[in-house]
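To start, the structure itself, in structure tokens.
Number of protein chains: 2
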Amino acid sequence: MTELVKGPKGRRRGRGARERILSASQQLFREQGINRTGMDLLCAAAQVSKRTAYQHFAGKDELVAEYLREFDPSVLSGVFDRTDLTPRERLLAVFDIPPTTPLCPYIAAAVELHDPEHPASQYARDYKKAVAARLAAAAREAGAADPEQLGEQLALLIDGAAARTRVLNADAFPTAAAIAAVLIDNAIPAAAGDDRPREEASS
Amino acid sequence: MTELVKGPKGRRRGRGARERILSASQQLFREQGINRTGMDLLCAAAQVSKRTAYQHFAGKDELVAEYLREFDPSVLSGVFDRTDLTPRERLLAVFDIPPTTPLCPYIAAAVELHDPEHPASQYARDYKKAVAARLAAAAREAGAADPEQLGEQLALLIDGAAARTRVLNADAFPTAAAIAAVLIDNAIPAAAGDDRPREEASS
DNA sequence: CGTTATATACACCGATCTGTTTGCTTACGG
DNA sequence: CCGTAAGCAAACAGATCGGTGTATATAACG
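As given, the protein sequences belong to chains A and B, one line each in that order.
Going by UniProt numbering, 125 is the number at position 125 of the first sequence; the sequence numbering is gapless.
Going by UniProt numbering, 31 is the number at position 31 of the second sequence; the sequence numbering is gapless.
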């Protein structure tokens, strides 16, 4: 990504203009919101002239879309790839991200842009579906009876915790984690290391 | 839709201007978002001159706050007051509101305004706390072991369903209802009318 | 009738936002 | 060295926004 070949010459002078813009977007869009962050301020924070910014991105909409697409993988991985945890622990570890999350940027973007057809809204949907899918995969790995359902349920808990944290200004992820524990124990026939070693009869 | 204005000059005087403004706010703020709805458009929709609007409300911020305060009771009541349902059914009935909810306006406002100190954000917090409290009361009435916790959990489910519905453009309330059923059955020692008529184990 | 309170229509202000244009600078690469 | 092109700073355009000022018209009340 460091070598952004942009011409027949493969020049990479001023290396990182695009990256600085996206980096500033990550910070400002999250801290101040998308609509309240003007391109002037953003370019100043990125130490990039507006002219340059608009040469790298067709417009703010495209920048917002790229901003959402950026940390797509960074959030997805890091939790699901932890092989040192049991599948059940891995499912619960998703809810242990208190300090890094002011609010899920995808929810914020969907609300702020207010247009389901906006590219960024599409990315938000894709991301949410991807998370649910990964959760479902982890649930299947953990031996859940209905992994798809459990994945969707856990995804809803994450979004609920994010939204509630935002509105109430108080961390709601512990509550979500408690619910998740109940759901997981309820969905997995033989949950290990649990306070409910009672066997459950499937309906 | 009204016969308030008759002729170029004849108008129904006084009463109604404020209500028309708030009514238009309800519609436009929800449909288009708060930030994307200008006062010009809003006043036109309310059939009210801008001057009049600013005589009724000190500014848009105050209007937004009042807009949130308005249907505060209408949402809270109507579900909790249904005595024809058992406490457990009442708790679950909260999740049966698919068509009326494009998105919880409180979450939307908190995201759009992006300022926890904004009066509207305060109202949003108060409302969310009130809902959780009513849910907790209903949970206590239903005989939950820890009503406060169950109330908070159900509130989180509502917010999660609302946020997820918005982002994914698909109704997420059935999923939330399924989780709620699990939580309720898990929290209430003897759940009636359930597929789990197992006797409770006293702690 | 006249006064007053409430509306209205409409122009206007300053701020801000997205996006563009105009020179000018500077770092390479041949 | 010189050319090319990326980049910069800053002014500018056009639109929209929240909010006001002004002059006018009408209904209610005395």
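Glycine is no exception: its CB is placed at the ideal position from the N, C-alpha and C atoms.
- Counting C-beta pairs closer than 8 angstroms gives three or more between the stretch 104 to 112 of chain B and the stretch 147 to 166 of chain B, which meets the contact rule.
- In summary, no residue of the stretch 133 to 145 of chain B has a CB separated from any CB of chain A by less than 9 angstroms.
- At least one beta carbon of chain B lies nearer than 8 angstroms to the beta carbon of ILE179/A.
- By a beta-carbon distance limit of 8 angstroms, ARG90/B contacts ALA138/B. Their separation comes to about 6 angstroms.
- When ALA110/B, ILE97/B, PRO189/B, ALA53/B are compared, the shortest CA-CA separation from THR175/B is found for ILE97/B.
- Within 10 angstroms of the beta-carbon of GLU19/B lie fewer than 16 other beta-carbons, which makes it exposed.
- In the displayed model, SER49/A falls within coil according to three-state DSSP, outside both helix and strand.
- Distance check between PRO189/B and each of ALA17/B, ASP146/B, VAL167/B places ASP146/B closest, using alpha-carbon atoms only.
- DSSP places LEU22/B in the uninterrupted alpha helix (DSSP H) bounded by 17 to 32.
- Excluding its 5 nearest sequence neighbours in each direction, ALA45/A has C-beta neighbours in its own chain below 8 angstroms: ALA24, GLN27, LEU28, listed in chain order.
- Straight-line measurement puts the Cα of ALA136/A at about 30 angstroms from the Cα of ALA144/B.
- With fewer than 16 neighbouring CB atoms inside 10 Å of its own CB, SER49/B falls in the exposed class.
- Counting along the chain, no alpha helix (DSSP H) covers GLU117/A, and no H or E run does either.
- Residue contact check for GLY151/A against chain B: no CB pair falls below 8 angstroms.
- For PRO116/A, the nearest beta carbon of chain B is closer than 8 angstroms to its own beta carbon.
- Our two residues, THR165/B and HIS56/B, have alpha carbons roughly 35 angstroms apart in a direct line.
- Per DSSP, the unbroken alpha helix (DSSP H) holding ASN186/B starts and ends at 173 to 187.
- The beta-carbon of VAL79/B is placed no less than 8 angstroms from the nearest beta-carbon of chain A.
- In the three-state scheme derived from DSSP, where H, G and I count as helix and E and B as strand, LEU85/B is classed as coil.
- If you ignore the 5 residues before and after ALA124/B, its C-beta comes within less than 6 angstroms of the C-beta of TYR106, ALA109, ALA110, all in its own chain and listed in chain order.
- Contact note: VAL111/B reaches chain A through GLY33, LEU103, ILE107, ALA108, VAL111, GLU112, ARG166, using a C-beta cutoff of 8 angstroms and chain order.
- Bounds of any alpha helix (DSSP H) do not take in THR37/A, whose DSSP letter is neither H nor E.
- Residue contact check for LEU68/B against chain A: no CB pair falls below 8 angstroms.
- Listed along chain A are VAL167, LEU168, ASN169, each with a C-beta nearer than 8 angstroms to that of ARG125/B.
- Around the beta carbon of ASN186/A, 16 or more other beta carbons lie within 10 angstroms, which makes this residue buried.
- A residue is called buried when at least 16 other Cβ atoms come within 10 angstroms of its Cβ; GLY33/A meets this threshold and is buried.
- Looking at LEU63/B, ILE184/B, PHE173/B, ALA181/B, the one whose alpha-carbon comes closest to that of PHE95/B is PHE173/B.
- Shown here, LEU92/B sits in a helix according to DSSP, grouped into three states.
- Any Cβ of chain A closer than 8 angstroms to the Cβ of ARG36/B would place that residue at the interface, and such an atom is present.
- Of all residues in the UniProt DNA-binding region "H-T-H motif" (38 to 57) of chain A, none is placed with a Cβ closer than 7 angstroms to any Cβ belonging to chain B.
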